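Laid out in structure tokens, this is it:
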């Protein structure tokens, strides 16, 4: 079984490599000898790198599509044997920094209520907020649940990873498993119980993550992400499960961790030098998964469990602010990928995370060189790569139509929603390419992103501020448009939507940042019939201000005892 799993892990990247090499070979042939040899090699090299990422994405999607049609992913995970054993001890942790207290404690309460009767778990909040007003608001919210929630303010350096290790240092001896949730995350009690059961049935598992499904978005931008996650997300998640198996990645939350190996092997060092490429590792989760694998522990993704939710960034500006931090953290992995003892799949995860952002300037270089130096006939091949990328969307729609999810999603509404999301993606993608390129330039100039407070409210942004935020896209669009006027041959059909996106970036950001209401166009099954824990969390968050004015404490849900240890 081990050899078969190893072959599966190797065969998928190999298939992606074959596809990428085939496409690059055709591209090389179409460039022809008329192109300077140095430019020809450069264009083909960039094309190969970009093709590799797209090919792996598509091969994974095909595997996920087949798994969805079968109704279950193939798995070496032993099934959970009933509920948690009587001796198992589980903690649920919300590590926070400068988050709205109503969001944190409303979600925590909803998770605790859902877990009552499913398993006995203790709840913790560890904060590294710094502002006195923020800490006062957190303590005020905690007063209502202090009888059964342990709250701790952590001083010193470090961010989320340090909060988790703080828990392990203070309370780790009292628990076997730790469930990590973000401030905007919730998880059903049934899923929590199944996660603990899977940990007990699979003693080699060091971490099991249930991918979070975006819910609760009220802006157009958030609902576009929710629709994409509902339609296309399952084939990607199930495809990763098929070939990665116990070599999955970790995304920092909505996961259960076996405390002993995590504490022993996942303490992160600081990278040599200062920020932005040295110091604290911002994207800690990828590295923690790699360190667990290096120590011989398995890391799994379990999309089949469901019951795991999170919020999506409400606006393009909020999305970009988060991406700026992720960009810095992922590029730090260039200094991690060569660490001794990491598995091939762990290095692949790290490399793909780096390429997620480096692909942006590569695409720009490729397009610029292609426009001015490549023969016109190669445009068809570039469009072919785009068509391959669109395969994932087609498979996602077919996956809904051919599986049991169709009953809750009328075909006409699904197709119109998919077309709407596709048009939006075609316009948003060029904007993100320039944003990611700008981030990389800023990092090379030595600008540290820090850890900005996330915008989860989606408050309206003045249009003047949007114009300034998208100034690079506007300037680039104006420059390329001027070139097209001077050299009309440069303007090709596929460049038109790119130009439109750059010139209209501020307007696109404004429109997608508006509240959308409960329209059917981008509606998902979860929006029409949200799970109990999602509904309850929304109620508790809305009622937070009323509860904050009340001096009485909330009684603990059944099964939520006061945590052990000092706080």
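In this note's numbering, the protein residues as written are 67 to 633.
Yeah, the Cβ is synthetic: ideal placement off N, Cα and C, and Gly gets one too.
Just so it is clear, the structure is predicted and the values come from calculations on it, not from any experiment.
Alpha carbon to alpha carbon, how far is residue 283 from residue 377? Give it in angstroms, no decimals. Roughly 7 Å between the two C-alpha positions.
Would you check if the segment 219-237 and the segment 322-331 touch, i.e. whether three or more CB-CB distances between them fall below 8 Å? With the cut-off at 8 Å, the segment 322-331 and the segment 219-237 touch.
Taking the alpha-carbon of residue 505 as reference, which of 365, 306, 349, 389 has the nearest alpha-carbon? The shortest C-alpha to C-alpha distance from residue 505 to any of 365, 306, 349, 389 is the one to 389.
Beta-carbon proximity check, residue 290 vs residue 592, cutoff 8 Å: Here residue 290 is not near residue 592, since their CB atoms are 8 Å or more apart.
Could you tell me whether the Cβ atoms of residue 177 and residue 158 are closer together than 8 Å? With contacts defined by Cβ atoms closer than 8 Å, residue 177 and residue 158 form a contacting pair.
Using the C-alpha atoms, what's the distance from residue 82 back to residue 125? Computed Cα separation, rounded: 6 Å.
When you compare only the Cα positions, how much space is there between residue 569 and residue 576? Taking C-alpha positions only, residue 569 is separated from residue 576 by approximately 13 Å.
Looking at the structure shown, is residue 72 part of a helix, part of a strand, or coil, going by DSSP? The predicted model places residue 72 with a pLDDT of 49, which falls under 50 and marks its position as unreliable, so this point remains unresolved.
Would you call the segment 177-188 and the segment 119-136 touching, i.e. three or more CB-CB distances under 8 Å? The segment 177-188 makes no contact with the segment 119-136: fewer than 3 CB pairs, one atom from each, lie closer than 8 Å.
Ignoring anything shorter than 4 residues or poking outside the segment 507-555, list the alpha helix (DSSP H) runs there in chain order. Listed in chain order, the complete alpha helix (DSSP H) runs (minimum 4 residues) inside the segment 507-555 are 529-535, 537-552.
At the level of alpha carbons, what is the spacing between residue 557 and residue 197? Inter-residue distance for residue 557 and residue 197 is about 52 Å (C-alpha atoms, whole angstroms).
Identify every residue that forms a DSSP beta bridge with residue 217. Paired residues: 191.
So, residue 287 versus residue 380, is the Cβ gap smaller than 8 Å? Pairing residue 287 with residue 380 gives a Cβ-Cβ distance under 8 Å.
To which residues of the same chain is residue 422 closer than 7 Å at the C-beta, ignoring the five residues directly before and after it? Cβ neighbours of residue 422 beyond the five flanking positions: 396.
Measuring straight from C-alpha to C-alpha, what distance separates residue 245 and residue 216? Cα to Cα, residue 245 sits roughly 15 Å from residue 216.
Assuming residue 456 and residue 305 form a contact by the criterion Cβ under 8 Å, report the distance between their Cβ atoms to the nearest whole angstrom. Between residue 305 and residue 456 the Cβ distance is about 16 Å, and since that is not below 8 Å, they are no contact.
Among the residues of its own chain, which have a CB less than 7 Å from the CB of residue 427, if the five just before and after it don't count? The answer, listed in chain order, is 503, 506.
Pairing CB atoms from the segment 261-272 with CB atoms from the segment 95-105, are three or more of them under 8 Å? Here the segment 261-272 makes no contact with the segment 95-105; the two share fewer than three CB pairs at distances below 8 Å.
Outcome for residue 523 when other beta-carbon atoms lying within 10 angstroms are tallied against a minimum of 16: Flag for residue 523 reads exposed.
Can you tell me whether residue 223 is helix, strand or coil according to DSSP? Coil, per DSSP.
Which term fits residue 102, buried or exposed, when burial requires 16 or more other beta carbons within 10 angstroms of its beta carbon? When all chains shown are included, residue 102 counts as exposed.
Straight-line Cα distance separating residue 78 from residue 84: Cα to Cα, the separation comes out at about 10 Å.
Is it true that the CB of residue 343 sits closer than 8 Å to the CB of residue 415? Not a contact, by the Cβ cut-off of 8 Å.
Residue 167 burial status per 10 Å Cβ neighbour count (16 or more: buried): Classification of residue 167: buried, given that the 10 Å Cβ count is 16 or more.
On the three-state DSSP scale, how would you describe residue 354? If DSSP states are grouped into helix, strand and coil, residue 354 belongs with the helices.
Can you tell me whether DSSP reads residue 301 as helix, strand or coil? The answer is helix: DSSP assigns residue 301 an H, G or I state.
Per the DSSP calculation, residue 157 is bridged to which residue(s)? For residue 157, which the question treats as bridged, DSSP gives the partners 188, 244.
Supposed close pair residue 683, residue 432 - CB separation, criterion 8 Å: Examination of residue 683 is not possible in this model, given that the chain is present from 67 through 633 alone.
Would you verify that the beta carbon of residue 604 is, or is not, closer than 8 Å to some beta carbon of chain C? Although the question refers to chain C, the structure presented lacks it and comprises just one protein chain.
By the 10 Å Cβ neighbour count, where 16 or more other Cβ atoms means buried, how is residue 595 classified, buried or exposed? A residue is called buried when at least 16 other Cβ atoms come within 10 angstroms of its Cβ; residue 595 does not meet this threshold and is exposed.
Assuming residue 375 is part of the beta strand (DSSP E), what are its boundary residues? Its beta strand (DSSP E) spans residues 374-376.
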